[in-house]
Amino acid sequence: MRLHEYEAREIFSKYGINIQLGKLAKTTQEALQIATNIGVPVVLKSQVLVGGRGKAGGIKIIDNLNEVERAADEILKSEIKGYKPEGVLVLKKIEIEKEIYLGMTIERTSGIPIIMLCSEGGVDIEEVAHRNPEKIFKLSVDPLQNLYSFQIINIVKKIGLTGKTLIGVVNAVFKLYQVFKAYDGLIAEINPLVITENQEIFCVDAVLEVDDSALFRHPELNKRKLNNMSERDKRLMEKGATFVKLNGNIGLICSGAGLAMATMDLVKDYPPLAPANFLETGGGITSELMFDCMELVLEQPGLKAVLINIYGGINPIHEGAKGIAKAIREKKVNIPVVAKALGNRQEETWKTLEEAGVYVIKESETQQAVKFLSELLGVKK
Amino acid sequence: MSILINRNTQVLVQGITGNIGTTQTKLMLKEGTKILAGVTPGKGGERVENIPVFDTVEEVVSNFSIDVSVLFVPATVAKDSVLEAINSGIKLVVLITEHIPVHDVMEMKAYVFQKKALLIGPTTPGIITPGECKIGILPANMFCSGSVGIISRSGTLAYEVAANLCKIGIGQSTVVGMGADLVAGTNLVDILKLFNQDKETKVVVLVGEVGGTQEEDAALFISAKMSKPVVAYIAGASVPPGKRMGHAGAIIERGKGSAKSKIEALSVAGVKAANKLYEIPSLVKDLLL
Numbered sequence: 016m017r018l019h020e021y022e023a024r025e026i027f028s029k030y031g032i033n034i035q036l037g038k039l040a041k042t043t044q045e046a047l048q049i050a051t052n053i054g055v056p057v058v059l060k061s062q063v064l065v066g067g068r069g070k071a072g073g074i075k076i077i078d079n080l081n082e083v084e085r086a087a088d089e090i091l092k093s094e095i096k097g098y099k100p101e102g103v104l105v106l107k108k109i110e111i112e113k114e115i116y117l118g119m120t121i122e123r124t125s126g127i128p129i130i131m132l133c134s135e136g137g138v139d140i141e142e143v144a145h146r147n148p149e150k151i152f153k154l155s156v157d158p159l160q161n162l163y164s165f166q167i168i169n170i171v172k173k174i175g176l177t178g179k180t181l182i183g184v185v186n187a188v189f190k191l192y193q194v195f196k197a198y199d200g201l202i203a204e205i206n207p208l209v210i211t212e213n214q215e216i217f218c219v220d221a222v223l224e225v226d227d228s229a230l231f232r233h234p235e236l237n238k239r240k241l242n243n244m245s246e247r248d249k250r251l252m253e254k255g256a257t258f259v260k261l262n263g264n265i266g267l268i269c270s271g272a273g274l275a276m277a278t279m280d281l282v283k284d285y286p287p288l289a290p291a292n293f294l295e296t297g298g299g300i301t302s303e304l305m306f307d308c309m310e311l312v313l314e315q316p317g318l319k320a321v322l323i324n325i326y327g328g329i330n331p332i333h334e335g336a337k338g339i340a341k342a343i344r345e346k347k348v349n350i351p352v353v354a355k356a357l358g359n360r361q362e363e364t365w366k367t368l369e370e371a372g373v374y375v376i377k378e379s380e381t382q383q384a385v386k387f388l389s390e391l392l393g394v395k396k
Numbered sequence: 003m004s005i006l007i008n009r010n011t012q013v014l015v016q017g018i019t020g021n022i023g024t025t026q027t028k029l030m031l032k033e034g035t036k037i038l039a040g041v042t043p044g045k046g047g048e049r050v051e052n053i054p055v056f057d058t059v060e061e062v063v064s065n066f067s068i069d070v071s072v073l074f075v076p077a078t079v080a081k082d083s084v085l086e087a088i089n090s091g092i093k094l095v096v097l098i099t100e101h102i103p104v105h106d107v108m109e110m111k112a113y114v115f116q117k118k119a120l121l122i123g124p125t126t127p128g129i130i131t132p133g134e135c136k137i138g139i140l141p142a143n144m145f146c147s148g149s150v151g152i153i154s155r156s157g158t159l160a161y162e163v164a165a166n167l168c169k170i171g172i173g174q175s176t177v178v179g180m181g182a183d184l185v186a187g188t189n190l191v192d193i194l195k196l197f198n199q200d201k202e203t204k205v206v207v208l209v210g211e212v213g214g215t216q217e218e219d220a221a222l223f224i225s226a227k228m229s230k231p232v233v234a235y236i237a238g239a240s241v242p243p244g245k246r247m248g249h250a251g252a253i254i255e256r257g258k259g260s261a262k263s264k265i266e267a268l269s270v271a272g273v274k275a276a277n278k279l280y281e282i283p284s285l286v287k288d289l290l291l
């Protein structure tokens with residue numbers, strides 16, 4: 016779950032990281048009110064959950080109070096990469112002496128948290144990492160131990176800081192790691208971490224992504240996530256299914272992410288056929304879940320067919336088949352549904368599906384199912 | 003011969019009284035798996051399929067010699083249960099449970115490493131040595147006995163690859179599902195090492211997918227140490243990259259992680275890369291001749 020900047024900075028602040036004065040405005044009047052309270056110059060920042068918002072015009076520096084409403088209005092009305100902002104963050108502008116990059120994430124292969132620091136923070140950090148990887152300093156943290164100050168001091172010294180700023184940045188690293196641990200972070204990032212003329216340290220952008228699997232430990236975030244979801248999406252999430260909308264014409268339902276991706280790779284071999292979605296059921300298939308999956312997939316306009324590719328290992332596919340059959344009957348589905356379903360209780364599964372008019376593929380190769388589907392739709396490779 | 007498990011492997015099931023635990027215990031017994039005991043706190047003294055249930059792993063290991071524990075426990079208690087098994091001296095833990103917080107997985111992984119044990123999973127379908135022993139949820143009718151080792155980051159793709167091989171008469175020595183989470187208890191390289199030493203395994207099939215750098219690491223190991231031929235398939239070549247926020251992920255992977263990067267690295271290491279799923283059986287067949 017990705018948090019908005021305004022939410023992340025409040026959490027960072029709660030842990031003792033210095034943030035700029037200011038807060039979220041939902042309307043132009045609110046923006047003006049906040050700007051009046053904190054005083055110009057202010058920075059207005061669009062609250063969208065995508066990167067590159069600065070380059071897309073989502074950040075404006077305003078020197079005059081008279082201009083706040085107009086600029087806020089522009090930001091509130093502008094979508095960025097197709098996303099509507101949740102509001103505009105109004106912040107007191109600070110004088111920047113130096114920008115540092117501070118990020119932490121999980122190194123997947125070794126399974127350990129990594130803290131990264133670079134003396135050249137700012138929007139071009141990925142470019143720096145690519146051109147001069149030696150400028151990024153990394154600290155691995157033993158998951159079974161605490162992070163100690165001496166470890167942080169060692170790495171912060173490498174980016175050339177001394178005295179008051181050294182200690183200030185060490186504190187920021189320490190506190191951000193506390194947030195990362197406490198919030199089950201996948202990514203926690205401050206870019207830039209700013210050093211002012213007075214050698215004060217400020218968090219000027221805040222990124223926090225929380226592990227969805229850990230939301231049971233963060234009821235307040237879980238509640239917020241659920242508030243933004245439909246009943247069906249909640250049921251899908253509860254069962255562990257993952258859906259991503261794409262732009263093609265073949266609806267896909269697969270058990271397992273790897274299988275889903277492999278199936279998508281095969282469908283793409285038959286243009287103009289293309290996946291309309293990625294849908295991975297996870298290991299919690301029930302009749303209801305498959306009904307929900309069918310309903311969700313069928314919403315895509317211009318769908319030519321549905322392809323189901325499921326295995327019965329942990330999943331009771333014979334139960335899943337009932338949900339598919341129910342969806343076909345109740346939704347009066349009139350496009351072809353092709354299903355390959357193998358594993359435990361496959362014969363029962365096939366019977367239920369065939370009775371509902373599904374074309375059942377009993378071979379183990381997904382390619383057979385995709386080829387059958389393409390022939391059914393008159394598409395040649 | 004096989005790796006990790008065989009007909010003599012003695013198994014404990016943690017979470018045996020749950021719905022999935024009970025169902026899967028029956029299916030494992032059907033394949034000849036020697037399940038000696040189960041654990042569910044609070045259900046000590048009960049029986050599941052005539053297998054005795056205990057409250058703790060400690061009680062089990064003082065009564066039986068256990069080689070492997072397989073876990074069907076809720077995600078919220080998974081870390082606790084894995085640590086319990088490891089603390090009782092069990093050297094191989096197979097964690098089937100999905101949706102475990104990754105910070106818990108990191109702790110488990112570090113702890114298991116410290117104790118010189120092995121954790122397969124989480125989100126793994128488990129391990130099967132066809133005809134001898136099945137530990138986990140893999141549907142046995144997809145597998146047959148033979149000399150190909152399979153390691154797969156995706157559970158259901160492992161089933162499909164095995165079934166497609168069986169269809170042309172090629173069986174498997176052992177099939178290992180690595181688990182699909184952000185962090186896996188055991189990496190591809192660890193299992194490649196075992197297959198490399200296993201006399202019965204003639205060819206290894208590596209099924210990877212986009213994300214992470216395990217396949218790139220495997221390529222380094224293969225070119226330096228692997229004495230057996232490897233066939234690889236990477237799922238997700240056509241998958242659009244996800245929406246990103248924050249730079250930390252990109253900085254750390256530095257261009258690795260895509261299907262293209264993985265296939266290139268593996269090809270350079272001498273691996274036969276299958277561009278499509280259906281190319282795997284014929285590539286394996288050529289190498290077995």
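Protein chains in written order, with the working numbering: chain S, 16 to 396; chain D, 3 to 291.
Cβ coordinates follow ideal geometry from the N, Cα and C atoms, glycine included.
Measure the C-alpha to C-alpha separation of residue i and residue j and round it to an integer number of angstroms.
i: S/Ile174; j: D/Leu279; result: 47 Å
i: D/Pro157; j: S/Val373; result: The question names Pro, but residue 157 of chain D is Gly in the sequence shown. Cα to Cα, D/Gly157 sits roughly 25 Å from S/Val373.
i: S/Ala13; j: S/Leu91; result: Residue 13 of chain S is absent from the model: chain S starts at 16 and stops at 396.
i: D/Ile7; j: S/Pro287; result: 46 Å
i: D/Leu94; j: D/Ala119; result: 6 Å
i: D/Val191; j: D/Gln216; result: 8 Å
i: S/Asp307; j: S/Leu294; result: 11 Å
i: S/Leu80; j: S/Leu59; result: 12 Å
i: D/Tyr161; j: D/Glu61; result: 35 Å
i: S/Val105; j: S/Lys395; result: 56 Å
i: S/Met16; j: D/Leu140; result: 31 Å
i: D/His249; j: S/Ala144; result: 10 Å
i: D/Glu218; j: D/Lys258; result: 8 Å
i: S/Gly37; j: S/Asn147; result: 35 Å
i: S/Phe217; j: S/Leu18; result: 19 Å
Please report the Cβ distance between residue i and residue j, rounded to the nearest whole angstrom; I am assuming they are in contact, meaning their Cβ atoms lie under 8 Å.
i: S/Gly398; j: S/Lys254; result: This structure gives no information on residue 398 of chain S, because the portion of chain S shown stretches from 16 to 396.
i: S/Ala320; j: S/Pro351; result: 5 Å
i: S/Glu369; j: S/Ala342; result: Not a contact, Cβ separation roughly 15 Å.
i: D/Leu290; j: D/Ile172; result: 7 Å
i: D/Ala237; j: S/Asp284; result: So it is not a contact: roughly 14 Å between Cβ atoms.
i: S/Tyr30; j: S/Val194; result: 5 Å
Sorted by chain position, which residues of the same chain lie with C-beta nearer than 8 Å to residue i's C-beta, five sequence neighbours on each side aside?
i: S/Tyr326; result: Ser270, Gly271, Leu274, Ile332, Ala356, Leu357, Gly358
i: S/Arg360; result: Gly327, Pro331, Ile332, His333
i: S/Leu399; result: Here chain S has residues from 16 to 396 only, and residue 399 of chain S is not among them.
i: S/Lys70; result: Val138
Quick check: is the beta carbon of residue i nearer than 9 Å to any beta carbon in chain D?
i: S/Ala421; result: Outside the shown range of chain S (16 to 396) lies residue 421 of chain S, about which nothing can therefore be said.
i: S/Asp199; result: yes
i: S/Cys218; result: no
i: S/Ser228; result: yes
Quick one: what's got a C-beta closer than 7 Å to residue i's C-beta in the same chain, skipping five residues either side?
i: D/Glu51; result: Thr27, Lys28, Leu31
i: S/Leu318; result: Asn264, Gly266, Ala291, Ile350
i: D/Ile37; result: Val13, Val15, Thr27, Met30, Leu31, Ile53
i: D/Val75; result: Gln16, Gly17, Ser83, Thr99
Does any C-beta atom of chain S lie closer than 9 Å to the C-beta of residue i?
i: D/Glu51; result: no
i: D/Gly257; result: yes
i: D/Thr284; result: Checking the displayed sequence, the identity of residue 284 of chain D turns out to be Ser instead of Thr. With 9 Å as the cut-off, D/Ser284 does not count as an interface residue toward chain S.
i: D/Cys168; result: yes
i: D/Gly238; result: yes
i: D/Lys278; result: yes
Below 6 Å CB to CB, which residues in the same chain sit around residue i once its five sequence neighbours on both sides are set aside?
i: S/Ala256; result: Thr296, Gly297
i: S/Ser302; result: Glu334, Lys337, Gly338
i: D/Ser147; result: Pro132, Gly133, Gly173
i: S/Gly118; result: Met131, Glu204
i: S/Leu430; result: Here chain S comprises residues numbered 16 to 396, so residue 430 of chain S is not present and cannot be evaluated.
**OP:** For the segment 176 to 190 of chain S and the segment 101 to 111 of chain S, state whether three or more C-beta atom pairs, one from each stretch, are separated by less than 8 Å.
**Re:** Between the segment 176 to 190 of chain S and the segment 101 to 111 of chain S there are fewer than three C-beta pairs closer than 8 Å, too few to call the two in contact.
Original post:
With a cut-off of 8 Å, do at least 3 Cβ pairs link the segment 210 to 225 of chain D to the segment 262 to 270 of chain D?
Top reply: The segment 210 to 225 of chain D is in contact with the segment 262 to 270 of chain D.
Original post:
With a cut-off of 8 Å, do at least 3 Cβ pairs link the segment 45 to 63 of chain S to the segment 85 to 92 of chain S?
Top reply: As far as the Cβ criterion goes, the segment 45 to 63 of chain S touches the segment 85 to 92 of chain S, which means the pair count is three or higher.
Original post:
Should the segment 146 to 160 of chain D be called in touch with the segment 196 to 216 of chain D, which here means at least 3 C-beta pairs below 8 Å?
Top reply: Taking a cut-off of 8 Å on C-beta distances, the segment 146 to 160 of chain D touches the segment 196 to 216 of chain D, as three or more cross pairs fall below it.
**OP:** Report yes or no: do three or more beta-carbon pairs, one from the segment 185 to 197 of chain D and one from the segment 117 to 126 of chain D, lie closer than 8 Å?
**Re:** The answer is yes - the segment 117 to 126 of chain D touches the segment 185 to 197 of chain D, with three or more Cβ pairs under 8 Å.
**OP:** Determine contact between the segment 147 to 162 of chain S and the segment 124 to 132 of chain S, defined as no fewer than three beta-carbon pairs at a distance below 8 Å.
**Re:** Yes, since at least three Cβ pairs between the segment 147 to 162 of chain S and the segment 124 to 132 of chain S fall closer than 8 Å, the two stretches touch.
**OP:** Taking 8 Å as the threshold, find out whether the segment 60 to 72 of chain D comes into contact with the segment 12 to 23 of chain D through three or more Cβ pairs.
**Re:** The segment 60 to 72 of chain D makes contact with the segment 12 to 23 of chain D, as at least three CB pairs between them are under 8 Å.
Subject >> At least three beta-carbon pairs within less than 8 Å, the segment 143 to 156 of chain S to the segment 225 to 236 of chain S >> reply: Because the criterion of three Cβ pairs below 8 Å is not met, the segment 143 to 156 of chain S and the segment 225 to 236 of chain S do not touch.
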